[in-house]
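So the protein lines, in turn, are chains A and B. Each position in the first sequence, counted from 1, maps to that position plus 45 in this note's numbering. Oh and the second sequence: position 50 is 44 in this note's numbering, straight run, nothing missing. For every residue, glycine included, the Cβ atom is placed at its ideal position computed from N, Cα and C.
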Amino acid sequence: MEPSALHLLLGLATLLPLASFFFLLMFGSRLGKAYGHGAYVATGAIVAAGVLSFVALFIWLGSHFPGTPSHHADVAQAAHGTSGEHGAPDAGHAATQGLAESEGHAPSGAHDAAAPVCYTGSYYTLGEFGKLRLEIGYYIDSLTICMFCLVSLIASCIHFYAMGYMHDELHQVTDHEVTLRDGSHLKRRGRYSVFFQYMSLFCFSMLGLVLAGNIAMVFVFWELVGICSYFLIGFYIERKSACKAANKAFIVNRVGDFGMIIGLMALWGGLGTFAFGDIERVGADGAKHTEPGIFSLVRSGEHHSLRTPDGLVRLSACDEAAKVVGALGPQATAAEIDDALTFYVETWRSGGADGTGPRYGYGLLIVAGIGIFCGCVGKSAQFPLHVWLPDAMEGPTPVSALVHSATMVAAGVYLVGRFFPVFTPEVLLVIAVVGCITLFMAATIAITATDIKRVLAYSTVSQLGYMMLALGVGGWVAGLLHLITHAFFKSLLFLCSGSVIHAVHTNEMTEMGGLRKKMPITAITMLIGCLAIAGISVPFVIGFSGYYSKDRILEQAFAFMLHADNRNFLASLFFYAAAGGAMMTAFYMFRMWYLTFAGKPRSQHRYDHAHESPWVMTIPLMILAVFATGVAWQPAGDLSVVNLLEQSRPLGTLADVTSPLTGMTWPNEHFAHEPAQHEAIVVPVTWLATLTAWAGIALATLIYCLGYIQASEVRRQFEAIYRFLLNKWWFDELYDFLFVRPLHVVGRLVAAMDRRWIDGLIDGSARVTRGLAVVWDRLADRLVVDGSVNAFAEGVYGLGLWLRGLQTGRLRQYVMFVAAGALAIFVLISFFSGFYWAA
Amino acid sequence: MTPLFAQITVAHYLAVGAVLFVAGIVCMATKRNALGILMGAELVLNGANVNFVAFGSDYLRPQSLGLDGELIALFVIVLAAAEAAVALAIALNFYNNHTSIDVDRADDLKG
């Protein structure tokens, strides 16, 4: 099949879960005896979507087999130039290449000429409002296909797992965590099919988000996954904690989305398009023209370097533009004005002839970038909006695995990756700082948590911080590779924790221990997950998937730190936080594994009750364990996830970029992997990563397995720090104090004002109206209207009474009346007509 | 010329009809017996019939009603028969309820 049919294939894969959602929505509760079969519909839909995604992957590989990213040759050249793709501006890039050759440009930029292979277009135009065109479009490159395979594969595993995990919901459920007023526990109908209904909707939203070809559509699906997350966190809606957690997640995400809308407005105001890539359209006159997307508008500089687009420059320099237009006078035609403005745009953009004036439009580009990133901060639970994710663990465990660790929270990272070409170096710095804080903070909290799912939740936050840090220091492939590997091992870890919770009916690790004998499969798969997340390897030979991605992140951070322009505190902090985070990750992961599976049971009752989960739950664990181990391997030739991602490398990111405002330089991602740097960067970083991971594991073993160091002793030694961490850095309390309480005070104040003054005013006017109505009622209604009607009725009544007297019941009298009446009529007629006859 | 030997004219018939009619009215107005009242009604109807027949006779008047008079009289007789049937049924029912046919006692629906 032609790669140009990819959009149909992936579009169908997106719509299948939607169909399942609607089916379950309409008929889910009417299935009767087949109630449990709703799960087959949802699972079938996502498995079919998965098959289609993998077919798409094979089609892609058939026409664009990834080449090894050679460091001196043109990277994506082999893949480029196949007929069918519309996105790549061929002429433009050929010209750029020629330029690079003739000038003998710096080696860092020389191999950066090719645009990534992508297929863009639109399925349907929702509407056009002047310049604003809302479309359902697609943007398909290797990243899209990777994400499709990732989402549908993990979702399929989790659907199967959920069939086992949620089987309680098939019948009436007694929720032991909800106590009613009479002291009994809540009994309710099972919501098995509802669960799968939401899961289907989530899969649809997530696939749609990945497929989306413009940022407006991304925003729609962004909100859709948000609402799915809300439904699924609040699945046990009767529990107060679940209810609060769902609201918290939703509200905190709104804060981020507010920033995202600002970013959208800045972009649209300046560029007039939402589309990512260039779209080929057929104009009204039948001629084809290519409409540039955001990426090519922003990356219009030499070698696709970042250049503020004309639209943003004009928008931001509107005062200057007004002067120009004023100087032209009122007679100037629109074309003349446009020419004049075009003449000045270059000056405005570069800050005047000497480059010292204000650089118009650049600030707006930063605002747009930070705005979009704000949305990602909310969705990916980055500092300072990370507080919702740990609470989101109130949802059922399959949801935590799918939505709150593997896919949805990674959507923020995905969007940062997708929008990477638009981010200026200043925005990247913000991303790196946020990621760095997040990864360190969440890792420290995870060390003290005792709820097994919360350990994993904070671990997720921390790993998301890793991804953001990676993207922020310029490691595009590093960040997205970590997204993919993390999705596999974190969903595996969550499903394992779910299996444990299913067996012992508690989340508290203080009541577990020794479970490896009871649940061998879960124990081994979870150990694989822990090894993968810790990044264990035989250095330079082979390792778990986490080794590859974390290594790349550390290498990029190290390269960033080593660069001559970055000899400052911040750059070193990035690297040391990442390295320290790696050690903490290994430590808390193995602490969790030891507390759960090793040692002696801490609660005999729970231990006796424990059992290995059914096959429907353990087989997904095994599948995911295989992927968690080897997803980053290079099985055949140049085929590997890294090389696949490399095909989608955004325009112009293979050059060193220097920030005009901070003077820092972002080394290109291939710099760290050049053979010349092998000894300087790769070797020390790999050994450091391996040693920190082993050190973390060793420490956890000493404390929690062998017991050479008593955890309680350590706790007492560092009482203050322990309390600080146990209380999650007091973030909830801080937000409570900073936002929630003041809001409550203001709310109460406003409510009082409302009750006193506004209600008083309204009540007063109501009273006046009522008084008037009473008077009017007495006067007009009762006196005039009712009076006349009553008087008429009384008259008729009296007449009736009088006529009643005539009805004597005496027949002979009636005859007399008839005779007398007839006589009277006769007399009258003869009296009056007598004159007539006489005449 | 005494009236006894005078030519019989429409007026004579009308006089007979009027006598019959008045007798019927008086009978209805005075009798307490339901059957008597019924008979009075018959008299009233037949008084009218005499008039119709007289107006329909070609011997009595040059421009008579012709057969229309007789036809109307026949209709009246048919109506009277029907009326008698209904009235007798009423009388029987009345007797069943009151063991009497005294119409003065039929004042249950008095206003």
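| Query | Result |
| --- | --- |
| Chain A contact residues for ILE19 (chain B), given Cβ-Cβ distances below 8 Å | VAL860, ALA864 |
| Strand pairing of THR224 (chain A), partner residues [DSSP] | A:HIS230 |
| Limits of the alpha helix (DSSP H) - the one that TYR511 (chain A) falls within | 497 to 517 |
| Supposed close pair GLY63 (chain B), LEU37 (chain B) - CB separation, criterion 8 Å | Actually they do not touch by this definition, with Cβ atoms about 19 Å apart. |
| Test: ARG823 (chain A) CB closer than 8 Å to a CB of chain B | no |
| Chain A contact residues for LEU103 (chain B), given Cβ-Cβ distances below 7 Å | GLY854 |
| Proximal chain A residues relative to MET33 (chain B), where beta-carbon distance stays under 9 Å | Neighbours of MET33 (chain B) on chain A: none; closest Cβ ~13 Å, over 9 Å. |
| Buried or exposed by the 16-neighbour rule on C-beta atoms within 10 Å, applied to MET208 (chain A) | buried |
| C-beta neighbour in chain B for ARG857 (chain A), strict 8 Å | yes |
| With 16 other Cβ atoms within 10 Å as the buried cut-off, status of PHE672 (chain A) | buried |
| Own chain residues within Cβ distance below 6 Å of VAL702 (chain A), not counting five before or after | PRO470, TRP711 |
| Backbone CA spacing between HIS547 (chain A) and SER445 (chain A) [nearest angstrom] | 14 Å |
| C-alpha gap between LEU256 (chain A) and LEU473 (chain A), whole angstroms | 24 Å |
| Every unbroken alpha helix (DSSP H) inside the stretch 768 to 828 of chain A [4 residues or more] | 776 to 780, 786 to 798, 804 to 821 |
| Secondary structure of ASN292 (chain A), DSSP reduced to three states | helix |
| Cβ of ALA100 (chain B) within 8 Å of any chain A Cβ | yes |
| Classification of GLY457 (chain A) by the beta-carbon crowding that lies within 10 angstroms, buried from 16 upward | buried |
| Length at least 4, wholly inside the stretch 49 to 123 of chain A: the alpha helix (DSSP H) runs in chain order | 51 to 72, 83 to 108 |
| In DSSP terms, what TYR593 (chain A) is bridged to | DSSP, once it has assigned bridges, lists no residue as partnering TYR593 (chain A). |
| GLU325 (chain A) to THR165 (chain A) span [Cα, whole Å] | 8 Å |
| Rounded separation between GLY371 (chain A) and ALA320 (chain A) - CA only | 34 Å |
| Supposed contact pair ILE260 (chain A) and VAL412 (chain A) - C-beta distance, whole angstroms, cut 8 Å | So it is not a contact: roughly 15 Å between Cβ atoms. |
| Span of the beta strand (DSSP E), counted from its first residue to its last, around LYS333 (chain A) | 333 to 336 |
| For GLY175 (chain A), the nearest candidate out of A:ALA487, A:GLY840, A:TRP313, A:TYR753 (CA to CA) | A:TRP313 |
| Limits of the beta strand (DSSP E) - the one that TYR168 (chain A) falls within | 164 to 174 |
| SER542 (chain A) burial status per 10 Å Cβ neighbour count (16 or more: buried) | buried |
| Test item: CB-CB of GLY408 (chain A) and ARG394 (chain A) under 8 Å | no |
| Whole-Å CB distance - SER425 (chain A) paired with VAL454 (chain A), under 8 Å assumed | 5 Å |
| is_contact[VAL72 (chain B), chain A] using C-beta, thresh 8 Å | no |
| Three CB pairs or more closer than 8 Å across the stretch 742 to 756 of chain A and the stretch 635 to 643 of chain A | yes |
| DSSP beta-bridge partners of ARG326 (chain A) | A:HIS334 |
| Residues that VAL44 (chain B) contacts on chain A, provided the C-beta gap is smaller than 8 Å | Near VAL44 (chain B) there are no residues of chain A at all, since even the closest Cβ is about 18 Å away, more than 8 Å. |
| Residues bridged to TYR184 (chain A) [DSSP beta-bridge criterion] | A:THR165 |
| Extent of the continuous alpha helix (DSSP H) to which THR663 (chain A) belongs | 660 to 675 |
| GLY866 (chain A) classed as buried or exposed, judged by whether at least 16 other C-beta atoms fall within 10 angstroms | exposed |
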